[in-house]
Amino acid sequence: MAVIFREPDANPAALDGCQIAVLGYGNLGRTFALNMRDSGLKVIVGNIDDDYATKAYQDGFDVVGLDEAARSANVKFMLLPDEAMPEVYLTSVSPSLRPNDMLVFASGYNITFGFIEPPPFTDVVMIAPRTIGTGVREGYQAGRGFLSFLAVEQDSSGKAWERLLALSLALGTLRAGALELTFRQEAELDLFIQQAFLPALHALIMTSADLLIGEGYPPEAALLDLYVSGELGYTLTKAAELGMRDTLRLYPLTGQYGMLSRSERFQEPKLQRQMELALEDIRSGKFAQEWAAEYANGYPRLEALRRKRSTMPLWALEQQAIALLKQNPPENR
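So the numbering used here is basically just the index in the sequence shown, starting at one, shifted up by 1099.
Okay, here's the thing in structure tokens:
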């Protein structure tokens, strides 16, 4: 049975004497820094001299270089992009690590696949939100918090869990609940969603759209019913609240019968095998090495894939459907 941590599990005093540095002031770094400051913690920001550093200054933070921030703090949030983080760790963080310093990651990626190997005298922990950075901030401000995964990979100080829970309390994630998971499990789950579930969903939407448009249904109507209306997103939101079974009951009986009676048609063995292969590539580290090479070479395949996808006719039709809805909002009809 998984362990879920809540606010009563945390002791804010566990952070007494800690100096916190957020390394990287991107989407997640900014929200983490703001949440912790609003909870009363003193936070400095480490960033290169760019637009993100300017934004941190405007937000009222003390902003220093990555090296200085790492030296001055004993709790270091590693919130840079996964592909850039190993080099920053090697040059700016590892030289100043001291016994019982804490490295806080928002993803298990670099530890799991061996791109970062902290020394044994450090605490290594993870707070991995299950939402994007803006969701972290909005959940905090609304008082509902946000869901996340927590992990302790190394506990040199003997106080890693105490400090991790205190940080989680300050960030606001314990309001919603935080589930204990390992670094490896988080990394593999995250990559699986990105490389198996979401590609399958995209392929399903595109196949459906091509079929319906090819059969003569107006593109705007087809895309509206598939996802542009927001009904799909709303259904998934309700599923997160009620569960898939009870959300199904919100549909009319015709819809319930149609979904239940036809679902076996799409239980395709080939689809399951494709997902198994994706998981194998993730677990073996094959994808991690592929992505490291892609980053080192300047993202050539990523850019080619983006160009190919952007020229597909469906996306032009999608923009037409979105523009049509914006042009004719319900209140103006």
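All C-beta atoms, glycine included, are put in the ideal place defined by N, C-alpha and C.
- Under the DSSP assignment, M1201 falls in the beta strand (DSSP E) whose first and last residues are 1201 to 1204.
- In terms of Cα proximity to K1385, the closest of A1265, E1287, P1318 is E1287.
- Cβ contact annotation for A1120 (same chain, cutoff 8 Å, sequence separation greater than five): V1142, I1143, V1144, G1145, A1168, A1169, S1171, A1172, V1174, K1175, F1176, in chain order.
- Judged by beta-carbon spacing, A1265 lies within the 7 Å limit of L1114, meaning their Cβ atoms are closer than that value.
- Contact annotation: V1224 and L1263 have beta-carbon atoms nearer than 7 Å.
- Spanning the alpha carbons of L1401 and D1108 requires a straight line of approximately 43 Å.
- Apart from the 5 residues on each side of it in sequence, F1212 sits with its Cβ closer than 6 Å to the Cβ of G1384, A1387 in its chain, given in chain order.
- Collapsing the DSSP output to three states places K1258 in coil.
- Under the 10 Å beta carbon count, A1269 is surrounded by 16 or more other beta carbons and is classified as buried.
- Proximity to Q1373 across P1180, Y1239, P1198, A1299 peaks at A1299, based on C-alpha coordinates.
- Distance from the Cα of L1196 is smallest, within the candidate group N1209, P1318, E1216, for E1216.
- Listed in chain order, the alpha helix (DSSP H) runs fully inside the stretch 1289 to 1317 are 1297 to 1313, counting runs of at least 4 residues.
- For E1216, the secondary structure class from DSSP, reduced to helix, strand or coil, is coil.
- Exposed is the label assigned to D1149, since fewer than 16 other Cβ atoms lie within 10 Å of its Cβ.
- Relative to R1274, the option among F1248, A1250, F1291, G1242 whose CA is nearest is G1242.
- For K1337, no beta strand (DSSP E) segment is defined; the enclosing uninterrupted segment is the alpha helix (DSSP H) at 1330 to 1341.
- Around the beta carbon of T1130, 16 or more other beta carbons sit within 10 angstroms, so the residue counts as buried.
- Within the DSSP bridge table, the entry for Q1253 names V1223 as partners.
- Here the alpha carbons of A1308 and D1161 stand approximately 50 Å from one another.
- Residue state for F1176 is assigned as strand, using DSSP reduced to three classes.
- According to DSSP, P1111 shares a beta bridge with no other residue.
- In this structure, L1249 keeps its C-beta atom at 7 Å or more from the C-beta atom of A1205.
- In the structure shown, the three-state DSSP call for A1120 is strand.
- CA-to-CA, the gap between A1112 and L1322 works out to about 53 Å.
- About 23 Å separates the Cβ atoms of Q1294 and I1226, ruling out a contact at the 8 Å cut-off.
- Here DSSP, grouped into helix, strand and coil, assigns P1399 to helix.
- In terms of CA proximity to L1122, D1181 leads the group D1181, F1104, Y1356.
- Counting only residues of its own chain and dropping the five nearest sequence neighbours on each side, Y1124 has a CB closer than 6 Å to the CB of V1144, N1146, Y1151, A1155.
- Spanning the alpha carbons of G1139 and R1348 requires a straight line of approximately 45 Å.
- For Y1326 and N1396, the gap between their C-alpha atoms comes out near 36 Å.
- Remark: C-beta atoms of S1191 and F1220 do not approach each other more closely than 7 Å.
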